[in-house]
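Peer 1: Structure below; questions to follow.
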Amino acid sequence: MRTTLLALLLFLIPAALAQELVVYSGRTRPLVEPLVRAFEKETGVRVRVRYGRDPELLAALAEEGLRSPADLFWANGSAALAAAGRLGLLAPLPEELRARPAAFIPKSGRWVPLSLRLRVLAYAPGRVDPGALPRSVLELPELKGFSGRIGWTPGYASFQDFVTALRLLHGEETARRWLLGMKALAPKAYASNTAMLLALASGEIDLALTNHYYVFRLLKGVPEGAYEGDEEEEGDETSARAPEGAVAIHRFALGDVGNLALVTGGGVLRGARHRSPALRFLAFLLSPKAQEFQARSVYEYPVVRGVQTPPGLLPVEEALRLGPRIDPERLKDLKGTLRLLREVGIL
Ligand SMILES: [Fe+2]
Numbered sequence: 062m063r064t065t066l067l068a069l070l071l072f073l074i075p076a077a078l079a080q081e082l083v084v085y086s087g088r089t090r091p092l093v094e095p096l097v098r099a100f101e102k103e104t105g106v107r108v109r110v111r112y113g114r115d116p117e118l119l120a121a122l123a124e125e126g127l128r129s130p131a132d133l134f135w136a137n138g139s140a141a142l143a144a145a146g147r148l149g150l151l152a153p154l155p156e157e158l159r160a161r162p163a164a165f166i167p168k169s170g171r172w173v174p175l176s177l178r179l180r181v182l183a184y185a186p187g188r189v190d191p192g193a194l195p196r197s198v199l200e201l202p203e204l205k206g207f208s209g210r211i212g213w214t215p216g217y218a219s220f221q222d223f224v225t226a227l228r229l230l231h232g233e234e235t236a237r238r239w240l241l242g243m244k245a246l247a248p249k250a251y252a253s254n255t256a257m258l259l260a261l262a263s264g265e266i267d268l269a270l271t272n273h274y275y276v277f278r279l280l281k282g283v284p285e286g287a288y289e290g291d292e293e294e295e296g297d298e299t300s301a302r303a304p305e306g307a308v309a310i311h312r313f314a315l316g317d318v319g320n321l322a323l324v325t326g327g328g329v330l331r332g333a334r335h336r337s338p339a340l341r342f343l344a345f346l347l348s349p350k351a352q353e354f355q356a357r358s359v360y361e362y363p364v365v366r367g368v369q370t371p372p373g374l375l376p377v378e379e380a381l382r383l384g385p386r387i388d389p390e391r392l393k394d395l396k397g398t399l400r401l402l403r404e405v406g407i408l
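For the sequence shown, my numbering gives the first residue as 62, with consecutive numbering after it.
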């Protein structure tokens, strides 16, 4: 009897230990922690999170290889996930999980998108007639009247991803001409999107190329610290606010590269010791509850149809149709983009 009990205990202990999950997160704590807590409560799985920036975590994963304690890589951008896939660090995901997001699923099948950011043109409604704004971002260099009044962030990852998409979808020559055409308009370069949008709100510029959530963040505010460590935004005034109506969003025609969707996502490590809770966590992040939370807390678009978006954000179905359909893993030639930006004298 005693031996049976002992055998049973020995059998149960590893099972209990297996109810743990290690996440490497390129996303920031204020977004991740509430979701992790909700998942722990719902499943009884204990989650440990290592925070860092995408490139830093990718380097750690590459270094640790199959010995990595990480089970899941939750990244801020698709580039790091694509790179992890190419390095053979990610395991293929089951079809049922891959089928959950409505779009932007990478062909590699090694990670799933978890939310979307859209590139947009922000403008000052008091000074700009939205009817005069172009249907394609490619026509932006023709707006000679806005010379010296356009803002952009050439050093920022999302801007560079946009240039990579421009090169991929329209060719190197068109991308070069667009950059030179923009440069001829003497745009103002900003080190951060928040600083640029504050400049837009205060009348320093009239138009700004940015990501949609920076506009919402400026108009509606964010939870304390929600953007700390988000790309170059570190040290920014997280409390920077502008009155409703100071800044608005112009969207280009459906499918235009100016509406490029940038995805965040997650994948399970090939060497994961806790594969099943890792898959469960991804499924949880794709649940309507978690998708709604991301939309409410950091104004990112859900990737799952039928999820409610907060007031001001487009319905999911519309947001998903706006940008060009492109496998997010194809936005990988950052080196080529940096070369081009240097060649035309923008970086
Ligand atoms: Fe950002």
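Quick reminder that beta carbons are idealized off the backbone N, C-alpha and C, glycines included. Bear in mind that the values here come from a model prediction, so they are computed numbers and not experimental data.
Can you tell me the Cβ-Cβ gap for residue 330 and residue 155, rounded? I've got them flagged as a contact below 8 Å.
Peer 2: Here residue 330 refers to the residue found at position 269 when the sequence shown is read from its first residue. Here residue 155 refers to the residue found at position 94 when the sequence shown is read from its first residue. Not a contact, Cβ separation roughly 15 Å.
Peer 1: Compute the distance between the beta-carbons of residue 276 and residue 318, then report whether it is under 8 Å.
Peer 2: Counted from its first residue, the sequence shown places residue 276 at position 215. Counted from its first residue, the sequence shown places residue 318 at position 257. No, Cβ-Cβ distance for residue 276 and residue 318 is not below 8 Å.
Peer 1: Exposed or buried, what is residue 373 when buried is set at 16 or more other beta-carbons lying within 10 Å of its beta-carbon?
Peer 2: Sequence index remark: in the sequence shown, residue 373 carries index 312 (1-based). By the neighbour-count rule (16 or more Cβ atoms within 10 Å), residue 373 is not buried but exposed.
Peer 1: Go to residue 254, then tell me how far its beta strand (DSSP E) extends in each direction, as first and last residue.
Peer 2: Here residue 254 refers to the residue found at position 193 when the sequence shown is read from its first residue. From DSSP, residue 254 is part of no beta strand (DSSP E) but of the alpha helix (DSSP H) over 254–262.
Peer 1: In terms of alpha-carbon separation, which member of 310, 358, 165 and 345 lies closest to residue 375?
Peer 2: By one-based count along the sequence shown, residue 375 stands at place 314. Ranking 310, 358, 165 and 345 by Cα distance to residue 375 puts 310 first.
Peer 1: Going by other Cβ atoms of all chains shown within 10 Å of its Cβ, with 16 needed for buried, is residue 369 buried or exposed?
Peer 2: Against the sequence shown, residue 369 aligns to sequence position 308. Classification for residue 369: exposed.
Peer 1: Which whole-angstrom value is the C-beta distance of residue 325 and residue 136, which I expect to be below 8 Å?
Peer 2: Numbered from its first residue, the sequence shown carries residue 325 at position 264. Numbered from its first residue, the sequence shown carries residue 136 at position 75. That pair is a contact at about 7 Å.
Peer 1: Please return the same chain residues whose Cβ sits closer than 8 Å to the Cβ of residue 230, not counting the five positions on each side in sequence.
Peer 2: Within the sequence shown, the letter at position 169 stands for residue 230. Contacts found: 318, 385 and 387.
Peer 1: Check residue 200 in the structure and name its three-state DSSP category.
Peer 2: The count along the sequence shown starts at 1 and reaches residue 200 at position 139. Helix at residue 200.
Peer 1: Using 8 Å as the threshold, is the C-beta distance between residue 227 and residue 239 below it?
Peer 2: Here residue 227 is taken as the residue at index 166 of the sequence shown, counted from 1. Here residue 239 is taken as the residue at index 178 of the sequence shown, counted from 1. It is a contact, given that the beta carbons lie within the stated cut-off.
Peer 1: What did DSSP end up calling residue 358 once you bin it into helix, strand or coil?
Peer 2: Within the sequence shown, residue 358 is the residue found at index 297, counting from 1. Of the three classes helix, strand and coil, the one that applies to residue 358 here is helix, per DSSP.
Peer 1: Can at least three beta-carbon pairs, one atom from the segment 128–143 and one from the segment 102–118, be found at a separation below 8 Å?
Peer 2: Yes, the segment 128–143 touches the segment 102–118.
Peer 1: Just how far apart, CA to CA, sit residue 345 and residue 237?
Peer 2: Indexing the sequence shown from 1 puts residue 345 at position 284. Indexing the sequence shown from 1 puts residue 237 at position 176. Residue 345 and residue 237: Cα-Cα distance of roughly 42 Å.
Peer 1: Looking only at C-alpha atoms, which of 115, 81, 363 and 355 sits nearest to residue 283?
Peer 2: The count along the sequence shown starts at 1 and reaches residue 283 at position 222. Selected option, being the one with the closest Cα: 355.
Peer 1: In three-state DSSP terms, what is residue 308?
Peer 2: Within the sequence shown, numbered from 1, the residue matching residue 308 stands at position 247. Coil.
Peer 1: Would you say the beta carbon of residue 320 comes nearer than 7 Å to a heavy atom of ligand 3?
Peer 2: Of the ligands this structure carries, namely ligand 1, none is ligand 3.
Peer 1: Return the bridge partner residues of residue 184 from the DSSP annotation.
Peer 2: One-based indexing of the sequence shown puts residue 184 at position 123. Beta-bridge pairing links residue 184 to 268 and 309.
Peer 1: Just to confirm my understanding: we take residue 409, look at its own chain, exclude 5 residues before and 5 after, and list those with CB closer than 7 Å. What are they?
Peer 2: Lying outside 62 to 408, the shown extent of the chain, residue 409 is not represented and no answer is given.
Peer 1: Would you tell me roughly how many angstroms separate the C-alpha atoms of residue 245 and residue 335, rounded to the nearest one?
Peer 2: Position 184 of the sequence shown holds residue 245. Position 274 of the sequence shown holds residue 335. Computed Cα separation, rounded: 54 Å.
Peer 1: When the Cα atoms are used, what is the spatial distance from residue 92 to residue 359?
Peer 2: As a position in the sequence shown, residue 92 is number 31, starting the count at 1. As a position in the sequence shown, residue 359 is number 298, starting the count at 1. Rounded to whole angstroms, residue 92 to residue 359 spans 8 Å at the Cα level.
Peer 1: Any heavy atom of ligand 1 closer than 7 Å to the beta-carbon of residue 219?
Peer 2: Within the sequence shown, the letter at position 158 stands for residue 219. For ligand 1, at least one heavy atom lies less than 7 Å from the Cβ of residue 219.
Peer 1: Taking 8 Å as the cut-off, decide whether the C-beta atoms of residue 389 and residue 174 are in contact.
Peer 2: Taking the sequence shown and counting its residues from 1, one reaches residue 389 at position 328. Taking the sequence shown and counting its residues from 1, one reaches residue 174 at position 113. Closer than 8 Å, so yes.
Peer 1: Which residues does DSSP list as the beta-bridge partners of residue 324?
Peer 2: The residue labelled residue 324 in the question sits at position 263 within the sequence shown. Residue 324 pairs with 177.
Peer 1: From residue 180 to residue 271, what distance separates their C-alpha atoms?
Peer 2: Start at 1 with the first residue of the sequence shown, and residue 180 comes out as number 119. Start at 1 with the first residue of the sequence shown, and residue 271 comes out as number 210. Going by the C-alpha atoms only, they are around 6 Å apart.
Peer 1: Pick out the complete alpha helix (DSSP H) segments inside the segment 123–152, 4 residues or longer, and give them in chain order.
Peer 2: Runs found: 139–147.
Peer 1: With DSSP as the reference, label residue 330 as helix, strand or coil.
Peer 2: Translated into positions along the sequence shown, residue 330 becomes position 269. The answer is strand: DSSP assigns residue 330 an E or B state.
Peer 1: Does the Cβ-Cβ distance between residue 87 and residue 218 come in under 8 Å?
Peer 2: Counting from 1 along the sequence shown, the entry for residue 87 is found at position 26. Counting from 1 along the sequence shown, the entry for residue 218 is found at position 157. No, the pair does not count as a contact, with Cβ atoms beyond the cut-off.
Peer 1: Output yes or no for whether 8 Å exceeds the beta carbon distance between residue 267 and residue 196.
Peer 2: As a working note, residue 267 is residue 206 in the sequence shown. As a working note, residue 196 is residue 135 in the sequence shown. Their beta carbons are not under 8 Å apart, which means residue 267 does not touch residue 196 by this criterion.
Peer 1: If you follow the alpha helix (DSSP H) that residue 86 is part of, which residue opens it and which one closes it?
Peer 2: On the sequence shown, residue 86 is found 25 positions in, with the first residue counted as 1. No alpha helix (DSSP H) holds residue 86; the beta strand (DSSP E) holding it covers 81–86.
Peer 1: List the DSSP bridge partners of residue 107.
Peer 2: Start at 1 with the first residue of the sequence shown, and residue 107 comes out as number 46. Per DSSP, 81.
Peer 1: Alpha carbon to alpha carbon, what distance is there between residue 208 and residue 393?
Peer 2: Mapped onto the sequence shown, residue 393 falls at position 332. Mapped onto the sequence shown, residue 208 falls at position 147. Each residue's Cα considered, the two are about 32 Å apart.
Peer 1: Taking the alpha-carbon positions, what's the residue 312 to residue 241 distance?
Peer 2: Indexing the sequence shown from 1 puts residue 312 at position 251. Indexing the sequence shown from 1 puts residue 241 at position 180. So the two alpha carbons sit approximately 23 Å from each other.
Peer 1: Between the alpha carbons of residue 256 and residue 279, how many angstroms are there, rounded?
Peer 2: By 1-based counting over the sequence shown, the position of residue 256 is 195. By 1-based counting over the sequence shown, the position of residue 279 is 218. Answer to the nearest angstrom: the Cα atoms are 10 Å apart.
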